[in-house]
Amino acid sequence: MNLTARKLEIFTTVAREGQVKRAAELLHLTQPAVSMALSDLESRHGGALFARHGRKLHLNDRGRRLLPLAEDILRRFRRLEAELEDSSPEPVGQLRVGASTTVGNYLLPALMARFSRNHPRASIQLHVGNSEQMVRALDQGSLDMALIEGPCHLPNLHQRFWRDDELVVIAGRDHPWAAAGRMGLKGLPEAVWIVREQGSGTREIFEQALGRKLTGLPNIVELGHTEAIKKAVEAGLGVGCLSRLAVQRELDQGWLKEIATPLALNRPLTVLLPDAGSPTRLQEACLAMLYSG
Numbered sequence: 000m001n002l003t004a005r006k007l008e009i010f011t012t013v014a015r016e017g018q019v020k021r022a023a024e025l026l027h028l029t030q031p032a033v034s035m036a037l038s039d040l041e042s043r044h045g046g047a048l049f050a051r052h053g054r055k056l057h058l059n060d061r062g063r064r065l066l067p068l069a070e071d072i073l074r075r076f077r078r079l080e081a082e083l084e085d086s087s088p089e090p091v092g093q094l095r096v097g098a099s100t101t102v103g104n105y106l107l108p109a110l111m112a113r114f115s116r117n118h119p120r121a122s123i124q125l126h127v128g129n130s131e132q133m134v135r136a137l138d139q140g141s142l143d144m145a146l147i148e149g150p151c152h153l154p155n156l157h158q159r160f161w162r163d164d165e166l167v168v169i170a171g172r173d174h175p176w177a178a179a180g181r182m183g184l185k186g187l188p189e190a191v192w193i194v195r196e197q198g199s200g201t202r203e204i205f206e207q208a209l210g211r212k213l214t215g216l217p218n219i220v221e222l223g224h225t226e227a228i229k230k231a232v233e234a235g236l237g238v239g240c241l242s243r244l245a246v247q248r249e250l251d252q253g254w255l256k257e258i259a260t261p262l263a264l265n266r267p268l269t270v271l272l273p274d275a276g277s278p279t280r281l282q283e284a285c286l287a288m289l290y291s292g
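The sequence shown begins at 0 in numbering that gives the first Met the number 0 and counts up one residue at a time.
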């Protein structure tokens, strides 16, 4: 039989991403290698799995039927690999960790460097996206662990509190709010708000903080990246709400100003694990790193 775990991984990644280019980047393969593997999988095993529309690939009815089976096989295969690697007295192998944007960009790089120094036979493959994307990837078996901003809403994933985080309202130094450094509830709807996209943990906590205090903010600009929001706020386009972790440097330099508001903007950072029994030795090593400071 010519069916391999690698081909199944290519199939599920292309199905998830909808294009060969992005799948190749995630799998660290060339585009021709991914295309060839898909072609071989389809020709050897019963026909097409995708409908092709330009550069986009969409699962056909056969592909949709086979995708859950392929994902389940890969989950079991990776669990087998992890169990085999656990025979080593030290953590060995590669751990696929997903992180929401704030965690992935501002907390994990230094922790990953320490992990590599302490465990030379192990490594972390980091995937960064918004919280919703990381939860979905962990649930689908594409990750071994995820760190997100706020709570998880899938009961089948195991949640652990990691640490506290604080969101702050920010404005450019020339913004009308900057001089006073504070704004009451009545003034909040008057500003242009530059916010993260739906699915972001930062966006969810911000909206929860607003609650019933406001019926809605009429002037909203959505940007999909924290750095873009900081630059837009610094340029005077509007005000924003981001993690203190992401803006502390700009606040210290005076490029951005913190604005006090009546909003409750504290949140937990959460570690998520698949609900599949005890953590592996590699997962335990990563958890020990996260909780050691």
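Glycine included, every Cβ here is placed at the ideal spot set by N, Cα and C. In this text, all values refer to a predicted model and were calculated from it rather than measured experimentally.
Counting along the chain, no beta strand (DSSP E) covers E89, and no H or E run does either. According to the DSSP assignment, N117 belongs to the alpha helix (DSSP H) that extends over L107 to N117.
Within the stretch 204 to 267, the complete alpha helix (DSSP H) runs of at least 4 residues fall at 225 to 233 and 243 to 252. The alpha carbon of C285 has as its nearest neighbour, out of P154, H118 and N218, the alpha carbon of H118. The residue among H27, E80, P88 and P261 with its C-alpha nearest the C-alpha of L187 is P261. Between the stretch 245 to 259 and the stretch 111 to 125, the count of C-beta pairs closer than 8 angstroms stays below three; the two stretches do not touch.
In its chain, beyond the 5 residues on either side, V232, E233 and G235 have a beta carbon closer than 6 angstroms to the beta carbon of G171. The criterion of a C-beta distance shorter than 8 angstroms is not satisfied by R64 and P90. If you ignore the 5 residues before and after E8, its C-beta comes within less than 8 angstroms of the C-beta of L26 and L73, all in its own chain and listed in chain order.
Judged by DSSP secondary structure, L125 falls within the beta strand (DSSP E) whose first and last residues are A121 to G128. Judged by DSSP secondary structure, A170 falls within the beta strand (DSSP E) whose first and last residues are L156 to G171. When the Cα atoms are used, L281 and L153 turn out to be separated by approximately 24 angstroms. The DSSP-derived three-state label of G180 is coil. For V102, the closest of P278, V13 and R266 by C-alpha to C-alpha distance is R266.
DSSP places V191 outside any beta strand (DSSP E), giving it a letter other than H or E. Here the alpha carbon of P278 sits roughly 19 angstroms from the alpha carbon of D71. Look at the beta carbons and you see the stretch 199 to 208 touching the stretch 236 to 243: at least three pairs across the two are nearer than 8 angstroms. Bounds of the alpha helix (DSSP H) holding A23 are V19 to L26.
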